[in-house]
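J.: Per numbering that gives the first Met the number 0, residue 0 is the first one in the sequence shown, and the count goes up by one each step. From the three backbone atoms N, C-alpha and C, an ideal C-beta is built for every residue, glycine too. One structure coming up, written as structure tokens, with questions to follow.
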Amino acid sequence: MQTMTYAEALRAIDALKPGGMKWGLARMERILSLCGHPERRLRCVHVAGTNGKGSTARMIQSILTAAGYRTGLYTSPAVPGPRDAVAIDGTPVAEEDFAALTAELLSHGGEMEEAGSLSEFELTTALAFLYFARRHTDICVIECGLGGRDDATNVLPPPLAAVLTPVSLDHTAVLGGTAAEIADKKCGILKPPCAVITSPAQDEEALAVLMERAAELGLTVRIPALSGPLPEEALGRTAFSYDGMDLVLPLTGGFQRENALTAIETVRALAPAGFPVEREAVRTGLANASLSCRQEVLSLSPLVLVDGAHNPQGVAALAETLRRHRLSGLTLVAGMLGDKDAARCAALLVPFCRRAVCCTPANPRALPAARFAACLRKAAPGLPVEVVDDPAAALDAALAGWGPAVPPFPVSGAPADAGDGLLVAGSFYVAAALRPLLAARMRGG
């Protein structure tokens with residue numbers, strides 16, 4: 000088998016991107032068969048949904064790691080970098096392992112002819128399953144990429160727990176035009192005898208579908224109770240109480256409480272399967288739940304906020320945070336994918352911005368920067384909007400006209416005054432590309 004360097008592996012995976020998304024499980028079943036079915040050696044929590052599934056998955060992993068279990072985590076898209084999608088106890092797969100597994104999977108290309116070639120997501124999913132099986136994880140948390148029933152991750156055997164985070168209208172051309180239709184596809188991860196957990200903020204239409212599907216399969220749905228006072232929220236910190244526990248998340252956004260409650264009830268549901276979790280592990284795990292590009296505060300003075308929200312529900316949550324903290328006059332750097340509701344997202348963002356620089360995400364499905372700029376101008380005539388296709392160059396353009404001193408920035412202190420904030424938003428692909436550049440500036444690099 001031919002060996003690969005990490006750089007060669009990344010180029011090989013990038014070469015799969017033009018093939019786009021592929022549906023059906025035949026290719027995954029074939030490649031995993033050629034690899035000895037590593038997925039059958041995994042015990043898993045399977046997470047589907049539209050918004051919050053990455054955050055919820057990371058919280059579940061963090062709690063299980065705090066409880067002493069060797070816990071794999073597979074998330075998508077890869078934020079902040081390709082290796083971060085595949086991690087054990089918070090440590091990303093090493094470059095040499097990533098390269099070796101990529102080479103091994105691609106070596107089976109000649110045996111895949113009848114099933115067809117793998118997509119980028121299918122290859123990374125197979126890589127994750129191989130890595131977790133060979134590293135002898137106790138349990139894995141696996142996030143669906145898109146949908147559920149036909150998602151590449153759904154070759155897994157019945158999970159210990161199936162989790163459905165809030166469902167909203169996204170990828171409607173593929174998943175359906177209503178929350179009920181989308182939920183029906185996401186409920187494809189329900190496989191008896193799994194536990195089923197959903198968010199207390201679940202859409203009513205979606206919840207009805209979930210309850211009906213679970214009843215058909217003889218499964219009970221656990222829904223955390225929203226009770227007690229509202230979370231105490233500051234930028235970069237959310238504190239709340241649940242079931243007698245005082246809990247702190249190092250995260251921004253009141254919606255993260257709902258994600259945390261879903262994570263708590265998920266780990267509690269794992270006890271009958273041999274994974275008991277003490278209350279202290281819940282506290283520690285949530286306190287350690289670091290999430291890149293989810294309303295992530297890189298600096299408070301001046302404010303630098305990076306968020307990968309990419310659909311109206313996610314951007315509305317970002318807007319609510321900006322409103323609650325009275326943040327306005329921001330410099331926005333944003334780009335979106337072409338299958339998102341860019342007009343609605345633009346309308347939600349512009350009340351908080353004094354200028355914007357639009358870029359084109361590095362993705363075959365990207366919305367051209369000029370088209371997103373048109374959405375922003377329509378939503379706020381008179382808003383200064385620049386078009387700079389390359390995300391890194393767009394960041395440079397934004398900083399060139401920015402009010403505060405040239406970075407590096409301090410990372411503590413009071414939030415900046417209005418007009419001194421930088422917001423990166425619109426897509427995980429933009430957020431993941433610009434976050435390391437901002438971090439380097441903050442380090443003085």
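#1: Return helix, strand or coil for V387, following the three-state DSSP convention.
#2: Are M335 and A341 close, meaning C-beta to C-beta below 8 Å?
#3: So, helix, strand or coil for Y68, using DSSP?
#4: Leaving out five residues before and five after P350 in sequence, what residues of the same chain have Cβ atoms less than 6 Å from its Cβ?
#5: So what's L24 in DSSP terms, helix, strand or just coil?
#6: Measuring CB atoms only, is the segment 25–38 touching the segment 234–249, in the sense that at least three cross pairs come out at less than 8 Å?
#7: Exposed or buried, what is K185 when buried is set at 16 or more other beta-carbons lying within 10 Å of its beta-carbon?
#8: Rounding to the nearest angstrom, what Cα-Cα distance links P79 and T49 in this structure?
#9: Applying the 10 Å Cβ sphere with the 16-neighbour rule, what's the burial state of L225?
#10: Would you check if the segment 62–76 and the segment 125–145 touch, i.e. whether three or more CB-CB distances between them fall below 8 Å?
#11: Straight-line CA distance for T265 to G313?
#12: Here's the rule I'm using: 16 or more other beta-carbon atoms within 10 Å means buried, otherwise exposed. How should A268 be labelled?
#13: Let me check understanding here. Comparing Cα to Cα, which of A432, L398, G147 and R323 lies closest to L421?
#14: Grab the span of the alpha helix (DSSP H) containing L437 for me, first residue to last.
#15: To the nearest angstrom, report how far apart H393 and R364 are at their CA atoms.
#16: With a cut-off of 8 Å, do at least 3 Cβ pairs link the segment 34–52 to the segment 276–292?
#17: Would you call the CB atoms of A179 and V208 closer than 8 Å?
#18: Looking at A460: is its Cβ nearer than 8 Å to the Cβ of V166?
#19: With DSSP collapsed to three states, give me the class of V141.
T.: The short version:
#1: By one-based count along the sequence shown, residue 387 stands at place 388. Of the three classes helix, strand and coil, the one that applies to V387 here is coil, per DSSP.
#2: Position 336 of the sequence shown, counted from the first residue, corresponds to residue 335. Position 342 of the sequence shown, counted from the first residue, corresponds to residue 341. Yes, Cβ-Cβ distance for M335 and A341 is below 8 Å.
#3: By one-based count along the sequence shown, residue 68 stands at place 69. Here Y68 sits in coil by DSSP.
#4: The residue labelled residue 350 in the question sits at position 351 within the sequence shown. No residues qualify anywhere along the chain.
#5: Position 25 of the sequence shown, counting from 1, holds the residue named residue 24. Residue state, collapsed to three classes: coil.
#6: no
#7: Walking along the sequence shown from the start, residue 185 turns up at place 186. Label assigned to K185: buried.
#8: Locating residue 79 in the sequence shown gives position 80, counting from the first residue. Locating residue 49 in the sequence shown gives position 50, counting from the first residue. Those two C-alpha atoms are separated by around 20 Å.
#9: Numbered from 1 along the sequence shown, position 226 holds the residue referred to as residue 225. So L225 ends up on the exposed side.
#10: yes
#11: Taking the first residue of the sequence shown as 1, we reach residue 265 at position 266. Taking the first residue of the sequence shown as 1, we reach residue 313 at position 314. If you take the alpha carbons of T265 and G313, they lie about 22 Å apart.
#12: In the sequence shown, the residue the question calls residue 268 occupies position 269. Answer is buried; the Cβ neighbour count reaches 16.
#13: As a first step, residue 421 must be located in the sequence shown, where it is residue number 422. Among A432, L398, G147 and R323, the Cα nearest to that of L421 is on L398.
#14: Residue mapping note: residue 437 aligns to position 438 of the sequence shown, counting from 1. First-last of the alpha helix (DSSP H) with L437: F427 to M441.
#15: As a working mapping, residue 393 is identified with position 394 in the sequence shown. As a working mapping, residue 364 is identified with position 365 in the sequence shown. First, the residue type needs correcting, since residue 393 is Ala and not His in the sequence shown. Those two C-alpha atoms are separated by around 19 Å.
#16: no
#17: Position 180 of the sequence shown, counting from 1, holds the residue named residue 179. Position 209 of the sequence shown, counting from 1, holds the residue named residue 208. Their beta carbons are under 8 Å apart, which means A179 touches V208 by this criterion.
#18: Given a span of 0 to 444 for the chain in the structure shown, any question on residue 460 remains unanswerable.
#19: Within the sequence shown, the letter at position 142 stands for residue 141. Reading off the sequence, residue 141 comes out as Ile, not Val. Three-state DSSP puts I141 in a strand.
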